[in-house]
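J.:
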């Protein structure tokens with residue numbers, strides 16, 4: 245995982261790829277996933293999401309996990 249701030253922000257460049265990070269949280273051989281449903285079906289995803297401008301991947305991942313699960317990593 246890089247400790248350098250992300251220098252491309254998905255909102256600043258039309259059509260740019262969004263930089264994101266996902267956490268694989270495994271305990272007792274089980275993978276933590278979040279379940280949700282939308283208009284396209286039922287989804288299981290790992291916690292994580294888009295990295296904010298000037299966040300490192302680690303900072304963004306910790307923020308996303310805290311926002312989505314309320315836990316620190």
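Numbering (the working numbering), first residue to last: 245 to 317. Quick reminder that beta carbons are idealized off the backbone N, C-alpha and C, glycines included.
Keeping to the same chain, check which residues put their C-beta closer than 6 Å to that of residue 309; ignore five residues upstream and five downstream.
T.: Hits under 6 Å: 267, 291 and 317.
J.: According to DSSP, residue 272 sits in a beta bridge with which residue or residues?
T.: Residue 272 is not bridged to any residue.
J.: One question on the structure: do residue 305 and residue 265 come within less than 8 Å of each other, judged by their Cβ atoms?
T.: Yes, Cβ-Cβ distance for residue 305 and residue 265 is below 8 Å.
J.: Helix, strand or coil: which one does DSSP assign to residue 309?
T.: It is helical.
J.: If residue 263 sits next to residue 315, beta carbons under 8 Å apart, how far is it from one beta carbon to the other, in whole angstroms?
T.: Contact doesn't hold; Cβ gap of about 23 Å is too wide.
J.: If I measure Cβ to Cβ from residue 287 and keep anything under 8 Å in the same chain, skipping five residues before and after, which residues do I get?
T.: If we look at residue 287 and ignore the five residues flanking it on each side, its Cβ neighbours are 279, 280 and 281.
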